[in-house]
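A.B. asks: Each protein sequence line maps, in turn, to chains D and F. Each residue of the first sequence is one higher than the one before, counting from 33 in my numbering. Each residue of the second sequence is one higher than the one before, counting from 172 in my numbering. Mind having a look at this structure? Questions to follow.
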Amino acid sequence: MALNPLRWCLIAVATTALVVCTLALHGCNVEARASVYGADGRLLIIGMDGLDPKMLQGMMDAGKLPNFSRLAAQGTFKPLGTIMPPQSPVAWATFISGAHPGKHQIYDFLRRKLKPETPGLVVEPAFSESEIVAAAPPWYLFGCTEIPWGNLSGGWGKDWRIPLLSEEQLSLRHGDRFWNHLVAHGIDTTVYRVPANYPPGKARGSGDFCCISGMGTPDTRGSLGEFFMFSEQESASGRDVGGGMFRRISMIENRGRAILEGPTNHLKRPKRNRTPKMNVEFDVVRDPTENVARIDILRPRDDQDARTVATQSPPREIAQSIILAQGEWSEWIPFNFDTGVPLKPAVQALMVPTEIPAMVRFYLRKVHPVVELYASPLNIDPLQPANEISTPASFAGDVASAVGRYYTTGIPEDTASLRRGALTEDEFLQQAALLHEERVRQYRRAIAEFTHGCLFFYFGSTDQLAHIFWRDRDPQHPGLKPGEAEKYGRVLDDLYVRMDGLLGEALDTLRETDTIIVMSDHGFSGFRWGVNVNTWLMNNGYLAVADRANAHLYPTLSGVDWSQTKAYAMGINSLFINLAGREQKGIVKPAEKRAVMEEIAAKMLEIRGEAGDPVIEKMYITEDVYPGADPLVAPDMLVGYAANYRGSWGTALGGISQRLIEPNLDRWSGDHCIAHAIVPGCLLTNRKVIVADPTLADMAPSLLAVFGVAKPDTMSGRVIFQTP
Amino acid sequence: MFATLLDALNAPLFALAGALMAPFERAPAWIALVLWSAVSGGLMTWAFRYTSNQRALRHVSDRIRANMLAIKLFKDELGVTFRCLLALMGNTALRLLHSLPPMIVMIIPFVLILAHLGVWYQHRPLRTGEAAVLELRLTPDAWNARTAVELLSAEGLKAEPARPIPDIERRSYSWRIRPTAPGRHNLRFKIGSQTIEKSVAAAERISDLMPASVLRPGGSFTDRLLYPAERACAPSTGVEEVRIRYIDAERSTPILGIHIPWWGTFLIVSILAALAVKPFVGVQF
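Written out as C-alpha cells, the structure reads:
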C-alpha cells in the first residue's frame with residue numbers, strides 16, 4: 033500500500049515528537065548527587081554477617097588482621113549496637129530500613145501463622161521474610177481459576193490443569209529501603225545479597241539499581257535449601273530430616289538409578305490427595321574396582337513416583353553427564369524439571385511455564401563397597417532463574433555469565449547436611465570453600481566494576497562457620513569432643529584472615545573521596561545450653577497439656593489444651609500470649625494481657641542454670657520497645673537469653689521438651705539469638721564516627737548522608753558520620 | 172549407498188566451510204553467520220529461478236493480484252468477494268505446487284548447509300581446563316564379543332581414569348577429558364585391532380569461532396547427516412558413536428544482545444536476503 037505525502041508528514045512529525053519527548057524526559061532526570069567527601073566519591077559497604085567485635089579486636093591486637101587495623105587507624109572501629117532479637121533477618125531489615133522492627137515487622141526467623149494450613153493445629157510456624165500468595169487475574173472475579181481442560185477436551189487430558197492463578201513471592205518486610213532514596217537522587221546502587229530482601233523488589237529513580245536477593249531466597253523446591261544423600265545403606269531409605277533427605281540407591285551390576293525430587297507440578301491434578309511432584313532421574317555408573325563413577329542426569333520423563341527407583345528401565349537419553357572420583361565435588365549442573373504436560377507449545381503460549389530450570393552440585397563421598405552420593409539443594413539457576421532473584425531480572429544471569437554459576441539459596445552453607453550426618457566437618461569445610469571461591473569471584477568483579485555510586489556486598493560465611501565451629505574455641509562447651517579443638521579450633525581465625533585479605537583488596541582500590549564501611553549485624557556467643565521455654569510455661573501453669581507425661585511427643589503445640597493456656601513460645605526469641613479475639617482459642621482478655629506479660633517476665637528472669645547462673649538476661653515487652661508493632665505479626669514478648677543460653681531447637685517449632693534446660697550437643701554450637709546488648713556487631717569505616725554508640729538503625733540515614741541526602745521521616749536512626 | 176555418498180560429500184564440504192569461516196576466526200561469531208546466511212539466501216533465490224516454472228508462477232501471481240483487486244473493487248458484492256476468496260485459495264495452493272520442484276531440488280543443499288553451519292554454531296568449544304565426559308559406545312556385536320578398548324593417546328588433553336568406566340547397559344566406556352591447551356586435539360583409541368580418532372575443540376574463550384564436533388558417528392545415517400565434521404567410524408570397528416558431553420555445550424550467538432538460535436538467525440537472514448535480491452535476479456516466488 034502506497035503512503036500519500038500527508039501520511040508521510042504525519043508519521044515524520046509523530047516520530048520527531050517522540051524522540052524529542054524522550055530526550056526531554058531524560059534531561060528531566062534528577063541530577064545525580066555527589067558524595068559529600070568529593071565529586072567522584074563512592075560508597076562501599078562490606079557486610080560480614082556475624083563478624084564478632086571481640087574476636088576481631090583480639091586478632092587485630094595480635095597483628096593478624098593488618099587490613100582491618102589499617103581501616104580502623106584511618107577512621108573508626110566500634111561495636112555496632114544490634115537489635116532485639118539479634119537475628120540476621122531482623123537485624124538486616126533494620127539496616128535496610130533505618131528503623132526498628134515495629135516499622136519493618138520482621139521479629140524472628142520464624143513467625144506464627146494464626147490460620148494454620150495443617151489441619152488440627154491452632155498456630156504453626158512459618159518463615160518470617162516472605163510468603164507465597166496467589167496472584168488473581170481479573171477473570172478470578174468470575175470464579176475462573178483454571179482452564180477446564182478436561183471439559184473442553186471431552187475428558188482427554190483430564191489429569192492436567194492449566195491454572196490461571198499464578199503464585200507470587202511477597203516480601204513481608206515493611207518499611208523503607210535506603211537504596212530507594214539513593215536511586216531517587218540519581219545514585220547508582222548495587223546490592224549483593226543483603227538478607228531479608230527476597231523477592232528483591234525495584235527502586236524508582238534516575239539512578240540504576242541492581243540487586244541479587246540473599247538470605248530468604250528459596251531453592252527450586254520452595255524450601256530454604258534441602259540436601260539429598262543417596263546411599264546403598266538400608267538406613268538411608270526414605271528418611272526425611274530437617275534440611276534434607278536420605279534416599280536409598282540400589283546398585284545392580286555397578287549401576288543404580290535415583291531421583292532428585294523437585295517442586296510441585298502445578299499443571300497436574302492431585303491424585304488421592306497426593307501432591308504431584310516433578311522429578312528428575314539420574315544414573316550412577318561406578319567402575320567395578322576403581323573409586324570413580326559417572327553420573328548421568330536423564331532427560332525428564334512423566335509420571336515418576338518420587339519413592340520408586342526403577343533400576344531395570346531401558347537406556348534413557350542423557351541430558352548431562354559428569355565423572356567424579358571419590359571425594360570430588362562437581363561443578364554446577366543445570367537441568368530442567370518437566371511438567372510433562374501435553375501440547376506444550378499451546379500451554380507455553382498461555383504464558384504458563386512447562387519446565388522449571390534448576391541446578392545441582394554432586395559430591396561423590398564413597399564408591400566402594402557402597403555408593404554414597406551427596407546432592408546439594410536444588411538451587412535456582414541464575415542463568416535461567418525460575419523465580420525472581422535479582423533486579424533487573426537479567427542481573428543474576430549477567431553475574432553468572434561473567435564469573436560462573438553460583439549458589440543462589442539464601443543460606444548456602446549446607447549446615448544441615450553436617451548436622452544430620454550427611455557430610456563430615458572436613459567435607460562441610462570443602463563445601464564452604466567452594467562457596468567462598470564463588471563469592472570471591474563475584475566480589476572481585478563487583479569491586480573492579482565499581483566506578484561510582486554505592487555498592488553493598490555481603491558475606492555470610494563469617495556467620496555460618498561461627499555457628500558450626502564455635503564450640504571448638506569454647507573449652508566449656510558440653511558438645512566439644514576430644515581432638516576437635518585441635519583440628520577445627522582455628523577455622524574461624526583462618527576465615528577472618530581471609531576476610532582481611534579481601535578487605536585489603538578493596539582498600540587498595542579506594543580513593544581519598546571514597547567511603548568504606550565494614551559492618552556486621554551482630555556478634556557471637558556460645559550456645560552451650562538450650563532452653564525449652566514451653567516446658568517452663570507448662571511447669572509454671574501458663575501452658576496446659578492434656579497428656580503431660582507425653583507432652584514432648586506432640587510437635588508444634590499440637591498437644592496443648594488451649595482452654596487453659598495463657599502463653600506459648602514459637603520462634604527462637606518469641607513468646608506469645610494466648611489472647612482472646614486474636615488467637616483462635618485465646619483465653620487471656622486484652623485487659624489482663626499486660627499483667628500476664630509482666631508476671632511471666634518477672635518469673636522468667638528467675639530461671640537459673642545448673643551452675644546457678646541466670647539463664648535470661650532481659651525480658652522485653654514488644655509494645656514497649658517497638659511502638660507500632662503489628663499485634664497480629666509481632667510476638668508479645670522477646671526473650672533475651674544470657675550468654676551461652678538460647679531457645680532450644682524444639683522451642684523454635686513450638687515443641688515441649690521433658691527438661692527445661694538441655695546441653696546443646698549439636699554441631700550448631702555458637703549463636704547470637706540472645707539479649708542484644710551481649711552480641712553487638714562491628715563497625716569499621718575510614719570516616720570519623722561522631723556518635724558514641726552507633727546502632728544498626730543509624731546505618732541507613734548515615735549512608736544517605738554520605739551523598740548529602742536528608743534523612744527521611746520513615747527512618748528513626750541517626751547520622752553517625754561527621755560530614756563536611 | 173546414501174551413507175557412503177554422504178561420507179564422500181562431508182569431507183570436502185567441511186574443508187570448504189573451514190576455508191569460508193577462516194577469515195572470521197577473530198571476529199564476533201555472528202558476523203560470519205549473518206554473512207553466509209545472506210549469501211545462502213541469495214544463492215537459493217538464484218537456484219529457485221532456474222529450478223522453478225517461472226512463467227507459471229508469474230501467471231499464478233497475476234491471478235492472485237487480480238483477485239485481490241477484485242475484492243477491493245467489489246467489496247459490496249458478497250458473491251464476487253466470496254468467489255475471489257475461493258480463487259485466491261486455489262491460486263495459493265497452485266503457487267505452493269509450483270514451488271515444490273525447486274524445494275525438492277534445494278532441500279539437499281539446504282540441509283547440508285545447515286548441518287555444516289551447525290558444526291560451527293551448534294556447540295561451543297571446550298574451555299581449557301574444563302571437564303567433559305567422552306563416551307565410546309560399541310555395537311551390540313562388538314560389546315558381546317568383549318572387544319578391548321584402549322585410549323592410546325590424548326595430545327593436548329588430560330584423560331582419566333586410565334582404565335575407562337564400563338557401562339553394561341549402554342555398551343559404553345567413559346573417560347573424563349580436560350583440554351590442557353587451546354586448539355583442535357585428537358584422541359586415539361584402539362578398538363580391538365583397529366584404531367580410530369576423535370577430535371576435541373578447545374579454546375581459551377568459548378566465544379572463539381571454531382568447529383566443535385561433539386559426536387563422531389558410527390552406522391547411523393541421521394548421525395552422519397547431523398554431525399558431518401568427522402568421518403563415520405567404519406562398521407568393522409564396532410563403534411556405534413563417540414560422543415562428548417559437557418555443561419552448557421550449546422553455543423549462544425546473540426546479535427545485538429538478542430539471543431536467537433543460530434538456525435533462527437540463518438532462516439531470518441536468508442529470507443531477508445532472498446527478498447532483497449529478488450528484483451535483481453528477476454525471480455518470481
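No residue lacks a Cβ here, since even glycine has one placed at the ideal position from N, Cα and C.
With D656(D) and L410(D) assumed to form a contact (beta carbons below 8 Å), what rounded beta-carbon distance in angstroms separates them?
C.D. replies: Going by Cβ atoms, the distance from D656(D) to L410(D) rounds to 44 Å, so no, they are not a contact pair.
A.B. asks: I need the straight-line Cα distance from N464(F) to A241(F), nearest angstrom please.
C.D. replies: Within the shown structure, residues of chain F are numbered from 172 to 456, placing residue 464(F) beyond reach of any answer.
A.B. asks: Assuming D140(D) contacts I609(D) (C-beta within less than 8 Å), just tell me the rounded distance between them.
C.D. replies: Not really, about 16 Å apart at Cβ, beyond 8 Å.
A.B. asks: Within the 8 Å Cβ cut-off, does D272(D) reach chain F?
C.D. replies: Chain F, which has no Cβ nearer than 8 Å to the Cβ of D272(D), makes this no.
A.B. asks: Can you tell me where the beta strand (DSSP E) holding Y395(D) begins and where it ends?
C.D. replies: Residues 394-398.
A.B. asks: Going by other Cβ atoms of all chains shown within 10 Å of its Cβ, with 16 needed for buried, is F392(F) buried or exposed?
C.D. replies: With fewer than 16 other Cβ atoms within 10 Å, it is exposed.
A.B. asks: What does S345(F) reach in chain D if we use C-beta pairs closer than 9 Å?
C.D. replies: Correct list: V317, R326, S353, I355.
A.B. asks: In whole angstroms, give me the CA-to-CA distance for A313(F) and L386(F).
C.D. replies: Near 19 Å, if we compare the C-alpha coordinates of L386(F) and A313(F).
A.B. asks: Would you list the residues sitting across from V563(D) in a DSSP beta bridge?
C.D. replies: DSSP, once it has assigned bridges, lists G679(D), I693(D) as partnering V563(D).
A.B. asks: Express the C-alpha separation of A432(D) and L415(D) in angstroms, rounding to a whole number.
C.D. replies: Cα to Cα, L415(D) sits roughly 6 Å from A432(D).
A.B. asks: Ignore the nearest five residues each way along the sequence and tell me which others in K720(D)'s own chain have a CB closer than 8 Å to its CB.
C.D. replies: So the list reads G107, T108, F753, Q754, once near-sequence residues are dropped.
A.B. asks: Once the 5 residues before and after V692(D) are set aside, which same chain residues still bring their CB inside 8 Å of it?
C.D. replies: Contrary to the premise, residue 692(D) reads as Leu rather than Val in this sequence. Answer for L692(D): V563, N564, T567, W568, N571, I639, listed in chain order.
A.B. asks: Given a cut-off of 8 Å on the beta-carbon distance, is the pair E301(F) and R236(F) in contact?
C.D. replies: Result no, Cβ atoms of E301(F) and R236(F) do not sit closer than 8 Å.
A.B. asks: So is S384(F) buried or exposed if we call it buried at 16+ other beta carbons inside 10 Å?
C.D. replies: With 16 or more other Cβ atoms within 10 Å, it is buried.
A.B. asks: Anything in chain A within Cβ reach of V304(F), meaning under 7 Å, just list it in chain order.
C.D. replies: Among the chains of the structure shown, chain A does not appear; the protein chains present are D and F.
A.B. asks: In angstroms with no decimal places, state the Cα-to-Cα distance between W201(F) and M283(D).
C.D. replies: When rounded, the distance between both Cα atoms is 47 Å.
A.B. asks: From this set, V647(D), E642(D), D526(D), which residue's C-alpha is nearest K635(D)'s C-alpha?
C.D. replies: Out of V647(D), E642(D), D526(D), V647(D) has the C-alpha closest to the C-alpha of K635(D).
A.B. asks: Taking a cut of 8 Å between CB atoms, which residues from the stretch 404-429 of chain F lie near chain D?
C.D. replies: Taking 8 Å as the Cβ-Cβ cut-off against chain D, the residues of the stretch 404-429 of chain F that qualify are R416, I418, D419.
A.B. asks: Distance, Cα to Cα, A46(D) vs A420(F)?
C.D. replies: In a straight line, the C-alpha of A46(D) is about 46 Å away from that of A420(F).
A.B. asks: Kindly indicate which residue of G79(D), F260(D), L103(D), L539(D) has the alpha-carbon position closest to the one of G276(D).
C.D. replies: When each option's Cα is compared against that of G276(D), the closest is F260(D).
A.B. asks: Could you check which residue in T423(D), E470(D), R289(D), N696(D) has the C-alpha nearest to that of N676(D)?
C.D. replies: Of the listed residues, the one whose Cα sits closest to N676(D) is N696(D).
A.B. asks: Closer than 9 Å, Cβ to any Cβ of chain F: which residues of the stretch 129-151 of chain D, in chain order?
C.D. replies: Within the stretch 129-151 of chain D, no residue qualifies.
A.B. asks: Which residue comes first and which comes last in the alpha helix (DSSP H) that contains Q106(D)?
C.D. replies: Segment 98-106, the alpha helix (DSSP H) holding Q106(D).
A.B. asks: Can you name, in chain order, every residue of its own chain whose Cβ lies under 8 Å from the Cβ of Q380(D), other than the five neighbours on each side?
C.D. replies: The answer, listed in chain order, is T386.
A.B. asks: Identify whether Q365(F) lies in helix, strand or coil by the three-state DSSP scheme.
C.D. replies: Strand.
A.B. asks: Would you grab the beta carbon distance between D668(D) and M629(D) for me? Rounded to a whole angstrom, and I think it's under 8 Å.
C.D. replies: At roughly 6 Å, the Cβ-Cβ gap stays under 8 Å, so D668(D) and M629(D) are in contact.
A.B. asks: Under 8 Å, with one C-beta from each stretch per pair, do the stretch 617-628 of chain D and the stretch 580-597 of chain D reach the 3-pair mark?
C.D. replies: Contact holds: three or more Cβ-Cβ distances are below 8 Å.
A.B. asks: For a minimum of 4 consecutive residues, which ranges assigned as the alpha helix (DSSP H) are wholly contained in the stretch 439-477 of chain D?
C.D. replies: Counting only runs of 4 or more, we get 447-451.
A.B. asks: I think I400(F) touches V290(F), with their Cβ atoms under 8 Å apart; what is that distance to the nearest whole Å?
C.D. replies: The amino acid occupying residue 400(F) in the given sequence is Ala; Ile does not appear at that position. With a Cβ gap of about 5 Å, A400(F) and V290(F) count as contacting.
A.B. asks: Using a C-beta cutoff of 8 Å, does P366(D) count as contacting chain F?
C.D. replies: For P366(D), the answer is yes, since a Cβ of chain F falls inside 8 Å of its Cβ.
A.B. asks: Are the stretch 215-230 of chain D and the stretch 105-125 of chain D touching by the rule of at least three beta carbon pairs closer than 8 Å?
C.D. replies: Verdict: yes, contact present.
A.B. asks: Does P311(F) come within less than 8 Å of chain D when only Cβ atoms are used?
C.D. replies: Chain D, which has no Cβ nearer than 8 Å to the Cβ of P311(F), makes this no.
A.B. asks: Count the other CB atoms, across all protein chains shown, that sit within 10 Å of the CB of V738(D); report buried if there are 16 or more and exposed otherwise.
C.D. replies: It is buried - the Cβ of V738(D) has at least 16 other Cβ atoms within 10 Å.
A.B. asks: What are the start and end residues of each continuous beta strand (DSSP E) run of 3 or more residues lying completely inside the stretch 286-315 of chain D, in chain order?
C.D. replies: Counting only runs of 3 or more, we get 287-296.
A.B. asks: Using the Cα positions of L375(D) and L467(D), report the straight-line distance between them to the nearest angstrom.
C.D. replies: Between L375(D) and L467(D), the C-alpha separation is close to 40 Å.
A.B. asks: Note the first and the last residue of the continuous beta strand (DSSP E) segment covering C486(D).
C.D. replies: Where C486(D) is concerned, the enclosing beta strand (DSSP E) stretches over 486-491.
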